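Novice: When you number the sequence shown by this note's numbering, it's gap-free, plus one each residue, and the end is 587. For every residue, glycine included, the Cβ atom is placed at its ideal position computed from N, Cα and C. Note that the structure is predicted; figures quoted are calculated from it, not measured. If you scroll down you'll find the structure; I have some questions about it.
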Amino acid sequence: MAKESAEFRLFSQHFDPEISKEIRDYATNVVLIDSRYLFINPKVKGIQFAHCTHCKSNHMTDGALKHGMIAKCVQCRSECHVRATGVSRSKLKNNGYLVYYEKSAIDPQAIVARGIYVCRDYTGDFRTVETRCETTAMFLFRMNGSIMYEKHWASWYKREGEDIRSEFPQYASWAIRECSKESIEKAVKGTPFQYSEWKAYDEYDWTKYFALYSKHPCIELLTKMKMKYFVSAKLYGGLTFGAIDWKATNIRDVLKLDGQQFRELTSIKDRSGISALTIRLMQISKKDNSKLSLDELNEIAKRFEHRFSDLKKALKYTNIRRANAYLLRQFTKQPRKEHFHRLEEVLIHWKDYIADCENLGMDLSDERILFPGYLHAAHQNTIGLVKAKASELLNQKIADRKQRLERYAFELGPLTIRAAASSDELVEEGKKLQHCVGNYIDRYANGKTDILVIRRKLEPDKPFFTMEIQKGEIIQTRGFRNCATTDEVKLFVAAFENARLNKQTRITVKAQQGIAI
Numbered sequence: 071m072a073k074e075s076a077e078f079r080l081f082s083q084h085f086d087p088e089i090s091k092e093i094r095d096y097a098t099n100v101v102l103i104d105s106r107y108l109f110i111n112p113k114v115k116g117i118q119f120a121h122c123t124h125c126k127s128n129h130m131t132d133g134a135l136k137h138g139m140i141a142k143c144v145q146c147r148s149e150c151h152v153r154a155t156g157v158s159r160s161k162l163k164n165n166g167y168l169v170y171y172e173k174s175a176i177d178p179q180a181i182v183a184r185g186i187y188v189c190r191d192y193t194g195d196f197r198t199v200e201t202r203c204e205t206t207a208m209f210l211f212r213m214n215g216s217i218m219y220e221k222h223w224a225s226w227y228k229r230e231g232e233d234i235r236s237e238f239p240q241y242a243s244w245a246i247r248e249c250s251k252e253s254i255e256k257a258v259k260g261t262p263f264q265y266s267e268w269k270a271y272d273e274y275d276w277t278k279y280f281a282l283y284s285k286h287p288c289i290e291l292l293t294k295m296k297m298k299y300f301v302s303a304k305l306y307g308g309l310t311f312g313a314i315d316w317k318a319t320n321i322r323d324v325l326k327l328d329g330q331q332f333r334e335l336t337s338i339k340d341r342s343g344i345s346a347l348t349i350r351l352m353q354i355s356k357k358d359n360s361k362l363s364l365d366e367l368n369e370i371a372k373r374f375e376h377r378f379s380d381l382k383k384a385l386k387y388t389n390i391r392r393a394n395a396y397l398l399r400q401f402t403k404q405p406r407k408e409h410f411h412r413l414e415e416v417l418i419h420w421k422d423y424i425a426d427c428e429n430l431g432m433d434l435s436d437e438r439i440l441f442p443g444y445l446h447a448a449h450q451n452t453i454g455l456v457k458a459k460a461s462e463l464l465n466q467k468i469a470d471r472k473q474r475l476e477r478y479a480f481e482l483g484p485l486t487i488r489a490a491a492s493s494d495e496l497v498e499e500g501k502k503l504q505h506c507v508g509n510y511i512d513r514y515a516n517g518k519t520d521i522l523v524i525r526r527k528l529e530p531d532k533p534f535f536t537m538e539i540q541k542g543e544i545i546q547t548r549g550f551r552n553c554a555t556t557d558e559v560k561l562f563v564a565a566f567e568n569a570r571l572n573k574q575t576r577i578t579v580k581a582q583q584g585i586a587i
């Protein structure tokens, strides 16, 4: 805590110790300009007096002021809300939040900003009201490292870099919010931040923007290139598709384009239609030799902007040109769109088909496998193969487990119990008995629980009751629709437990012993 306090004291040296008169005037005359009142007294012999909360004057009116009106103070000419002194003021408070920028007090290359809660409270004596200012956030912006401290109750909490945030949103519903642009212009002059292009963005208070610029000054270059989308996306978590080198210092390197691509891009005057994905596809096409024009890449970007992660899976095995051509061909060759209603659906199925091929160990360098003539049919085939493979592995695990669980095999009278033999048997068990044993298949196969089936000897394949055992203890035994054990089954289970699970006392059960039904 002492270290934090020392760190905060060092940080605070960048700020003037007191809130300046300039800031207080801004709070009163800009943020809370609507917080001006004329309080009127009841007329005495036709004479009415008013008190102006702005200029503090008491003056005689023409007698025409009424509660709820808007009127000008005859002394300061301010527009004021007229309120009768006899009307309750128990909730009459005006709140605001402002952000005001200044130069650092100790670093000529840095700028600072304060987030200040302001209030004028009329619930007490309206004649003595002053604007109250309380700093709730402090920002220090310097190249390669910006810091914010925000106040919660009596403590200050630190934020750095991209974690820095504007406090405007938390005041949205109950306070007037303002940021002094004039203060920004004065503060940034003569510092690196004067080149930040901050005026090109309509931000709450520019705190997140200056924090981003201090870390990635290339946002100036992107803004001048009329590619503001990338900056906004970086600020607020939009998609950039990895298209930008944020550490680069010249625009061509920032966009990761070669000379020819950069010239093609800059030849377009209106670049607002060039998406972030278009830039990413330009970079990919340079590597995969697709030789597509900017217009063609832009069209592909529009088609698959929301499915780029799926497209990337296909681009592991082919280039953009061939992938795009294949998807279009598969979409247009179905006359009635019986399988794919949108082009995106073709991509989704192709991505899943490729994943199936990888799972099955198929050679995707073989174009006949990568580009099947009829994608839907090929995908249905791989789905079946993947299911068969999964079922085969699962059943092998279950078969191994059944062998190890032979010790549980037991019979008494008309009943017998053994370990479940396969996933198919457990699925059938769940269907016939209408309970959820099917959900236990993976856990059973992987040794997390033991599943045993109780059968009548005369109907060895017909589901009757199902038992779950964990760590040598019976967890549950359920029959049709999760019913509890019958008396017959209860006696059988008790005998099984003594014979197979009770390590202290083993009961030898004679083969001819029976249980009444």
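1) Tell me the rounded alpha-carbon separation between I577 and K541.
2) Put Q546 into one of helix, strand or coil per three-state DSSP.
3) Tell me which same chain residues have a C-beta within less than 8 Å of the C-beta of E428, skipping the five on either side of it?
4) Relative to the C-alpha of N465, which candidate in A242, P178 and V497 has its C-alpha closest?
5) Drop a sphere of 10 angstroms on the beta-carbon of D275, count the other beta-carbons inside from all chains shown, and report buried for 16 or more, exposed for fewer.
6) What does the alpha-carbon distance come out to for the pair V188 and N111?
7) What residue does the alpha helix (DSSP H) around K251 start on, and which one ends it?
8) For V157, is the classification buried or exposed, using 16 other Cβ atoms within 10 angstroms of its Cβ as the cut-off for buried?
9) Along the chain, where does the alpha helix (DSSP H) containing A395 start, and where does it finish?
10) So the candidates are T155, Y171 and S225; which of them puts its Cα closest to the Cα of G194?
11) When DSSP labels each residue in this structure, what does D191 get in the three-state scheme?
12) Between the Cα of I370 and the Cα atoms of L397, I524 and K356, which residue gives the shortest distance?
13) Counting pairs of Cβ atoms below 8 Å between the region 518 to 534 and the region 479 to 493, do you hit three or more?
14) Less than 9 Å between the C-beta atoms of I511 and I468, yes or no?
15) Given this structure, state the Cα-to-Cα distance separating A43 from S363, to the nearest angstrom.
16) Taking the beta strand (DSSP E) that L463 belongs to, which residues open and close that run?
17) Rounded C-beta distance between I418 and D380? I'm assuming under 8 Å.
18) I'd like to know if the region 307 to 318 and the region 241 to 254 are in contact, where contact means that at least 3 CB-CB pairs between them fall below 8 Å.
19) When we look at the beta-carbon of N99 and count the other beta-carbons within 10 Å, is it buried (16 or more) or exposed?
20) So is E237 buried or exposed if we call it buried at 16+ other beta carbons inside 10 Å?
21) To the nearest angstrom, how far is the alpha carbon of S266 from that of R79?
22) Just tell me which of Y219, L455, A318 and C146 has its CA closest to the CA of G431.
23) Within the same chain, show all residues whose beta-carbon is closer than 8 Å to that of T575, passing over the 5 residues directly before and after it, in chain order.
24) Exposed or buried, what is Q582 when buried is set at 16 or more other beta-carbons lying within 10 Å of its beta-carbon?
25) If you draw a straight line from the alpha carbon of T556 to that of F566, how long is it in whole angstroms?
26) Smallest Cα separation from R212: which of E252, I246, R229 and P262?
27) Taking the alpha helix (DSSP H) that W420 falls in, what are its first and last residues?
28) Under a Cβ-count criterion, where at least 16 other Cβ atoms within 10 Å of its own Cβ denotes burial, should F300 be classed as buried or exposed?
29) Would you mind giving the Cβ-Cβ distance between L108 and A97, rounded to the nearest angstrom? I have them listed as a contact below 8 Å.
30) Determine the extent of the alpha helix (DSSP H) in which N368 is found, giving its start and end residues.
31) Leaving out five residues before and five after E204 in sequence, what residues of the same chain have Cβ atoms less than 6 Å from its Cβ?
32) With C-beta atoms as the reference, is F81 less than 9 Å away from A183?
Specialist: So, from the listed chains and residues:
1) Unreliable placement is indicated for I577, whose pLDDT of 39 sits below 50; no coordinate value is reported for it.
2) strand
3) L434
4) V497
5) buried
6) 28 Å
7) K251 to V258
8) exposed
9) I390 to T402
10) T155
11) strand
12) L397
13) yes
14) yes
15) The question about residue 43 has no answer, for the chain in this structure spans 71 to 587.
16) No beta strand (DSSP E) holds L463; the alpha helix (DSSP H) holding it covers L445 to R474.
17) 6 Å
18) no
19) exposed
20) buried
21) 28 Å
22) L455
23) Note that T575 has pLDDT 41, beneath the 50 cutoff, so the model's placement of it is unreliable and the number below is only indicative. The residues are N568.
24) Its pLDDT being 32, under 50, Q582 is placed unreliably by the model, and nothing is read from it.
25) 15 Å
26) P262
27) L413 to L430
28) buried
29) Their Cβ separation, rounded to whole angstroms, is 21 Å, which puts L108 and A97 out of contact at 8 Å.
30) L364 to F374
31) Y187
32) no
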